[in-house]
Amino acid sequence: MSPELLGAWVAAGLTLAIFSFLYKDNPFFKFGEHLYIGISVGYSITLLVFNFMIPKWWTPLFREGRMSLLVPTVLGLLIWTRFFPRFSWLSRWAFAFVVGFGAGIAIPRTISNFIFRQVESTAVPLVSRGQQGVSFGWGDFSNFLIAFGVLSVLTYFFFSVEHKGPIRPLARAGVLFLMVSFGASFGYTVMARVSLLFGRMYDLVEYSSRGYGYATLVLLGLMVAVFLAQALSKKREGG
Amino acid sequence: MFLRQYVPMAIAFVMGVVFAVQYYVPHPASEELLTTVNDWLIVVSGFSMVLGLASLMGSHWAKVRRGGPGWGYSLVVFLGILGTLAVGIASKGKMFAGEELTLTALGWVYDNMLVPLQGTVFSLLAFFMASATFRTFRARNLEAGLLLTAAFLVMLGHVPLGEYIWDKVLGFLPPKADQVMGWIMNVPNMAAKRGILLGVGLGMIATSLKIIFGIERAYMGEGG
Amino acid sequence: MRKLAEKILSMDRRAIYLLMASAALLPFLTGPLGLPSRVSPEVKAVYDRIESLPEGSPFLISMDFDPASKPELYPMAEALVRHAFRKNLRVIGMNLWVTGSGMAEKILSDVAEEYGKKYGRDYVYLGWAPGATNVILGLGQDIYKTYPRDYYGNETSGMPVLEGVRTLKDIPFMVDLAAGDPGIETWVVYGKAKSMAGGCTAVIAPGMYAFLNSGQLVGLIGGMRGAAEYEALLKEMGKATVGMDIQSTTHVLILGLILLSNFAFFATRRRR
Numbered sequence: 014m015s016p017e018l019l020g021a022w023v024a025a026g027l028t029l030a031i032f033s034f035l036y037k038d039n040p041f042f043k044f045g046e047h048l049y050i051g052i053s054v055g056y057s058i059t060l061l062v063f064n065f066m067i068p069k070w071w072t073p074l075f076r077e078g079r080m081s082l083l084v085p086t087v088l089g090l091l092i093w094t095r096f097f098p099r100f101s102w103l104s105r106w107a108f109a110f111v112v113g114f115g116a117g118i119a120i121p122r123t124i125s126n127f128i129f130r131q132v133e134s135t136a137v138p139l140v141s142r143g144q145q146g147v148s149f150g151w152g153d154f155s156n157f158l159i160a161f162g163v164l165s166v167l168t169y170f171f172f173s174v175e176h177k178g179p180i181r182p183l184a185r186a187g188v189l190f191l192m193v194s195f196g197a198s199f200g201y202t203v204m205a206r207v208s209l210l211f212g213r214m215y216d217l218v219e220y221s222s223r224g225y226g227y228a229t230l231v232l233l234g235l236m237v238a239v240f241l242a243q244a245l246s247k248k249r250e251g252g
Numbered sequence: 005m006f007l008r009q010y011v012p013m014a015i016a017f018v019m020g021v022v023f024a025v026q027y028y029v030p031h032p033a034s035e036e037l038l039t040t041v042n043d044w045l046i047v048v049s050g051f052s053m054v055l056g057l058a059s060l061m062g063s064h065w066a067k068v069r070r071g072g073p074g075w076g077y078s079l080v081v082f083l084g085i086l087g088t089l090a091v092g093i094a095s096k097g098k099m100f101a102g103e104e105l106t107l108t109a110l111g112w113v114y115d116n117m118l119v120p121l122q123g124t125v126f127s128l129l130a131f132f133m134a135s136a137t138f139r140t141f142r143a144r145n146l147e148a149g150l151l152l153t154a155a156f157l158v159m160l161g162h163v164p165l166g167e168y169i170w171d172k173v174l175g176f177l178p179p180k181a182d183q184v185m186g187w188i189m190n191v192p193n194m195a196a197k198r199g200i201l202l203g204v205g206l207g208m209i210a211t212s213l214k215i216i217f218g219i220e221r222a223y224m225g226e227g228g
Numbered sequence: 051m052r053k054l055a056e057k058i059l060s061m062d063r064r065a066i067y068l069l070m071a072s073a074a075l076l077p078f079l080t081g082p083l084g085l086p087s088r089v090s091p092e093v094k095a096v097y098d099r100i101e102s103l104p105e106g107s108p109f110l111i112s113m114d115f116d117p118a119s120k121p122e123l124y125p126m127a128e129a130l131v132r133h134a135f136r137k138n139l140r141v142i143g144m145n146l147w148v149t150g151s152g153m154a155e156k157i158l159s160d161v162a163e164e165y166g167k168k169y170g171r172d173y174v175y176l177g178w179a180p181g182a183t184n185v186i187l188g189l190g191q192d193i194y195k196t197y198p199r200d201y202y203g204n205e206t207s208g209m210p211v212l213e214g215v216r217t218l219k220d221i222p223f224m225v226d227l228a229a230g231d232p233g234i235e236t237w238v239v240y241g242k243a244k245s246m247a248g249g250c251t252a253v254i255a256p257g258m259y260a261f262l263n264s265g266q267l268v269g270l271i272g273g274m275r276g277a278a279e280y281e282a283l284l285k286e287m288g289k290a291t292v293g294m295d296i297q298s299t300t301h302v303l304i305l306g307l308i309l310l311s312n313f314a315f316f317a318t319r320r321r322r
């Protein structure tokens, strides 16, 4: 059996094992689910060691003598003290270093890229000026709607002030904008989920061909036979 | 108390202030400081990944040792980890080998096991989503009706068959399905998402300031 | 009528699963529907930007996705790398998601083989490194310090493909293909390439329109539809184009289910 053919049978089998959850929770699904966790952890460790630990830490520090890497090594070892409850408080120093750095770099970049740039592109002219004077076209209406939408959504999320009086209709408008946005997000999410389904269906259909020994069909038949046998034996026990 | 609490808070404060100010200092020494510390933290990230992976392995190993319910499946997790590691070491961490770029054993495991497993686990969501949509998507009030209408129009304009149906049924209207969808995405949807983004940005800044000033100490774990 | 409506509302979820599976399998049995997708301005903008790059320009593509997002982002990545090689750009590949490394490597090597491109001269795969934010920041400071070696262990300094590239600012255009976080938002906040576009799964695409409107992204390829539009611009029929048929049938099914459930809901509600 060639590796490609074996691979097709394994892939089809594992795919059907996970899909069997649609019928009900069962050992095939549990096996596939746990195998997935194991393989993805094993793969992550492999890449961590070969793509990072060896070429970017071990070799530069111990073979090329880059002493500056001693500092992150010490920080990393401090993180690993988490495994020893008596010394785990030492890991706080390393986490404080990492988290403090992250907090520091986030502030100016968030202000610049999230706040300023977004506000700048909201505060645009709401009318157009041409040779014939000022006009209000479809583009201007869209700009107005965007500005109003942003303001109303921000008002809705401002819970420090009670949504009463003049605030109330503005906050309510914010809710309506959010509903449109959630509806649009739902529409896109449908496409995303179906894309994943297409990926698996494509492979299952491919592996059901003669070239792959009708892998999908044989394995599906076996799985259905097992479930049928289970259902029949349960019926006999109950009957 | 001093070493366990005040020193980490001081470290977080110094790091936070230094690197918040660093952004506004264009001097080469400032850029060099950022580069050096940043490179250190890439190494530290690798060490912290080990922590996460070891915790996961530890919890499954505990299950196997205790022999509690489902311990057999935890053994499957371990076999998966060890098997993939063995294959990874044998393949020296490479997916392809040689000039002909032949698939290695690790590449085989990736293509025929990891990709199908992960892809299928997430593709189950397509079915759950269809079922949930059927059960819960009701135009009970104005808000729900608006959500439903937006979803309907976006979905119609998103696929060729939807555009075809629109052209046949509503072809007399000037905008096409994809144009209606485009307007919904670029105007009302964008406005709401921008509002959320601004809120998230302000929240990130507030949380970062709380970390720097020692108000937020969740990173210290228990007793922090 | 009411009894029928109640029966519809209490439909077994497995019947819905079966309907979904049938809608998904239908295009495989009937053959292609042959319905084209109209190209949106945001996808065309990405295409036009790559078209405008002079031959030999460096082009960074960060493939930040895992196998779960393969059906949407793999065809997108293939199309973009194909376009870049057609324009004889110098392609710099990398990724921030550890389980996506294998796919990123395969995309670059497969497409490079198609176009007879040479590793090290025409393209490079830098690989994955932990700490996404730090990696992006590092690329903004010094690419060679962040990636002293590529995925295969070769030294990056002196590589012909990276000539004249020291930081992100030396790269005229980059595309980030993202399935979540770290992804486009991380690059927007922490990275500073001269210009940037995004490709993403349909789940996160609606949130990216704010960056598109502000000009922080010059274009956006959203989901399988975006990938199919890009394939249409390249005049190629890839997997995304094939996938749009299954999108069509399942979308129409779900729209039908929504209408049916609402009719049934209002039919039962009226009588109460």
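Protein chains in written order, with the numbering used here: chain F, 14 to 252; chain C, 5 to 228; chain S, 51 to 322.
We treat Cβ as the ideally placed atom computed from N, Cα and C, and that holds for glycine.
Every value quoted in this text rests on a predicted model; they were computed, and no experiment measured them.
Is it true that the CB of PRO12/C sits closer than 7 Å to the CB of TRP106/F?
Within the first sequence, the letter at position 93 stands for residue 106/F. Within the second sequence, the letter at position 8 stands for residue 12/C. In this structure, PRO12/C lies closer than 7 Å to TRP106/F by Cβ.
Listed in chain order, which residues of the segment 119-146 of chain C have Cβ atoms closer than 7 Å to some Cβ of chain S?
Those would be VAL119, GLN122, GLY123, PHE126, ALA130, PHE131, ALA134, SER135, THR137, PHE138, PHE141, ARG142 and ALA143, in chain order.
Between the alpha carbons of GLY177/S and GLY272/S, how many angstroms are there, rounded?
As a working note, residue 177/S is residue 127 in the third sequence. As a working note, residue 272/S is residue 222 in the third sequence. Rounded to whole angstroms, GLY177/S to GLY272/S spans 24 Å at the Cα level.
With 7 Å as the threshold, decide whether the Cβ of ILE50/F is near any Cβ in chain C.
The residue labelled residue 50/F in the question sits at position 37 within the first sequence. Nearest CB-CB separation between ILE50/F and chain C: below the 7 Å threshold.
Would SER63/C pass as an interface residue toward chain D - the criterion being a Cβ-Cβ separation below 7 Å?
In the displayed structure, chain D is absent; the protein chains listed are F, C and S.
So, does the CB of MET14/F fall closer than 7 Å to a CB anywhere in chain C?
Counting from one through the first sequence, the residue named residue 14/F turns up at place 1. Not one chain C Cβ lies under 7 Å of MET14/F.
Assess contact between the segment 78-94 of chain F and the segment 43-61 of chain C, defined as three or more Cβ pairs (one per stretch) separated by less than 8 Å. Is contact present?
Contact holds between the segment 78-94 of chain F and the segment 43-61 of chain C, because three or more Cβ pairs, one in each stretch, are under 8 Å apart.
In chain order, what residues of the same chain lie with their CB nearer than 7 Å to the CB of PHE42/F, ignoring the 5 residues before and after it?
Residue numbering aside, residue 42/F sits at position 29 when the first sequence is read from its first letter. Excluding sequence neighbours, PHE42/F sits near ALA30, ILE31, SER33 and PHE34.
Please list, in chain order, all residues of the same chain as PHE240/F whose beta carbon is under 7 Å from its beta carbon, the five residues on each side excluded.
Residue numbering aside, residue 240/F sits at position 227 when the first sequence is read from its first letter. Closer than 7 Å at the Cβ level, and outside the excluded window around PHE240/F, lie TYR36.
Chain F contacts from the segment 174-208 of chain S (Cβ-Cβ distance under 8 Å):
Within the segment 174-208 of chain S, contact with chain F at the beta-carbon level (separation under 8 Å) is assigned to GLY177, TRP178, ALA179, PRO180, THR183, LEU187, PRO198, ARG199, TYR201 and GLY203.
Contacts that VAL93/S makes with chain C (C-beta to C-beta distance below 7 Å):
Numbered from 1 along the third sequence, position 43 holds the residue referred to as residue 93/S. Within chain C, no residue has its beta carbon less than 7 Å from that of VAL93/S; the closest one is some 11 Å off.
State the DSSP-derived secondary structure class of ALA228/S, mapped to helix, strand or coil.
In the third sequence, the residue the question calls residue 228/S occupies position 178. Correct three-state label for ALA228/S: strand.
Give me the residue from PHE6/C, ILE219/C, ALA143/C and MET224/C with the minimum Cα distance to ALA325/S.
This structure gives no information on residue 325/S, because the portion of chain S shown stretches from 51 to 322.
How is the alpha helix (DSSP H) around TRP151/F delimited, first residue to last?
If you number the first sequence from 1, residue 151/F lands on position 138. In the DSSP annotation of this structure, the continuous segment of the alpha helix (DSSP H) that includes TRP151/F starts and ends at 151-169.
Since GLN131/F meets chain S, which of its residues come closer than 8 Å, beta carbon to beta carbon?
Residue 131/F sits at position 118 when you count from the first residue of the first sequence. For GLN131/F, the chain S residues whose C-beta falls within less than 8 Å of its own C-beta are ALA260 and SER264, listed in chain order.
Taking 8 Å as the limit between beta carbons, can you name the residues of its chain near LYS120/S, skipping five residues before and five after?
Counting from 1 along the third sequence, the entry for residue 120/S is found at position 70. MET153.
In chain S, what lies closer than 7 Å to GLU104/C by C-beta?
Walking along the second sequence from the start, residue 104/C turns up at place 100. For the C-beta of GLU104/C, not a single chain S residue is nearer than 7 Å; the gap to the nearest is close to 10 Å.
Look up ASP114/S in the DSSP assignment and say whether it is helix, strand or coil.
Working through the third sequence from its first residue, we reach residue 114/S at position 64. ASP114/S falls in the strand class under three-state DSSP.
Three or more beta-carbon pairs under 8 Å between the segment 74-87 of chain C and the segment 40-54 of chain F, yes or no?
Under the Cβ criterion (8 Å, minimum of three pairs), the segment 74-87 of chain C counts as touching the segment 40-54 of chain F.
Three-state secondary structure (DSSP) of THR135/F:
By one-based count along the first sequence, residue 135/F stands at place 122. THR135/F: helix per DSSP, three-state reduction.
Beta-carbon proximity check, ALA155/C vs GLY166/C, cutoff 7 Å
Along the second sequence, one-based indexing puts residue 155/C at 151. Along the second sequence, one-based indexing puts residue 166/C at 162. One thing to note: ALA155/C has its Cβ no nearer than 7 Å to the Cβ of GLY166/C.
What does the alpha-carbon distance come out to for the pair ALA247/S and MET19/C?
By one-based count along the third sequence, residue 247/S stands at place 197. By one-based count along the second sequence, residue 19/C stands at place 15. Rounded to the nearest angstrom, the two C-alpha atoms are 32 Å apart.
Output the distance between the C-alpha atoms of ALA55/S and VAL302/S, rounded to the nearest integer angstrom.
As a first step, residue 55/S is located in the third sequence; it is residue number 5 there, counting from the start. As a first step, residue 302/S is located in the third sequence; it is residue number 252 there, counting from the start. Rounded to whole angstroms, the gap between the alpha carbons of ALA55/S and VAL302/S is 21 Å.
Nearest to GLY214/S (by Cα), restricted to the options ASP114/S, ASP116/S, MET287/S and ILE142/S:
Locating residue 214/S in the third sequence gives position 164, where the first residue counts as 1. A check of alpha carbon separations from GLY214/S across ASP114/S, ASP116/S, MET287/S and ILE142/S identifies ILE142/S as the nearest.
Bridge partners of LEU270/S, per DSSP?
Reading the third sequence from its first residue, position 220 is the one you call residue 270/S. Its beta-bridge partners are GLY248/S.
Rounded separation between MET133/C and ALA94/C - CA only
If you number the second sequence from 1, residue 133/C lands on position 129. If you number the second sequence from 1, residue 94/C lands on position 90. Taking the straight line from one Cα to the other gives about 41 Å.
For GLY241/S, three-class secondary structure by DSSP:
Within the third sequence, the letter at position 191 stands for residue 241/S. In the three-state reduction of the DSSP assignment, GLY241/S falls in the coil class.
Please report the distance separating the alpha-carbon of ARG223/F from that of LEU18/F.
Translated into positions along the first sequence, residue 223/F becomes position 210. Translated into positions along the first sequence, residue 18/F becomes position 5. ARG223/F and LEU18/F: Cα-Cα distance of roughly 11 Å.
If contact is defined by three or more beta carbon pairs under 8 Å, each pair taking one atom from either stretch, is the segment 187-207 of chain C in contact with the segment 149-167 of chain F?
Taking 8 Å as the limit for Cβ pairs, the verdict is that the segment 187-207 of chain C does touch the segment 149-167 of chain F.
Beta-bridge partners of PRO108/S, as assigned by DSSP
In the third sequence, residue 108/S corresponds to position 58, counting from 1. Answer is ARG140/S.
Under 7 Å from the C-beta of PRO121/S: neighbouring residues of chain F:
What you label residue 121/S is simply residue 71 of the third sequence in a count that begins at 1. Residues of chain F passing the Cβ test: SER208, LEU209, PHE211 and GLY212.
Just checking, does the segment 198-217 of chain S make contact with the segment 111-119 of chain S on the three C-beta pairs under 8 Å criterion?
The segment 198-217 of chain S is not in contact with the segment 111-119 of chain S.
For the beta strand (DSSP E) that TRP178/S lies in, which residues bound it at each end?
Start at 1 with the first residue of the third sequence, and residue 178/S comes out as number 128. Annotation for TRP178/S: the continuous beta strand (DSSP E) segment containing it runs 173-178.
Which residue spans inside the segment 88-163 of chain C form an unbroken beta strand (DSSP E) run of at least 3?
The segment 88-163 of chain C is shown to contain no whole beta strand (DSSP E) run of 3 or more residues.
Would you please state the rounded distance, in angstroms, between the beta carbons of GLU205/S and TYR175/S? I believe it to be under 8 Å.
Position 155 of the third sequence, counted from the first residue, corresponds to residue 205/S. Position 125 of the third sequence, counted from the first residue, corresponds to residue 175/S. Contact between GLU205/S and TYR175/S is ruled out by a C-beta separation of about 14 Å, above the 8 Å threshold.
Could you tell me whether any Cβ in chain S is nearer than 7 Å to the Cβ of TYR28/C?
The residue you call residue 28/C lines up with position 24 of the second sequence. No, its Cβ sits nowhere closer than 7 Å to a Cβ of chain S.
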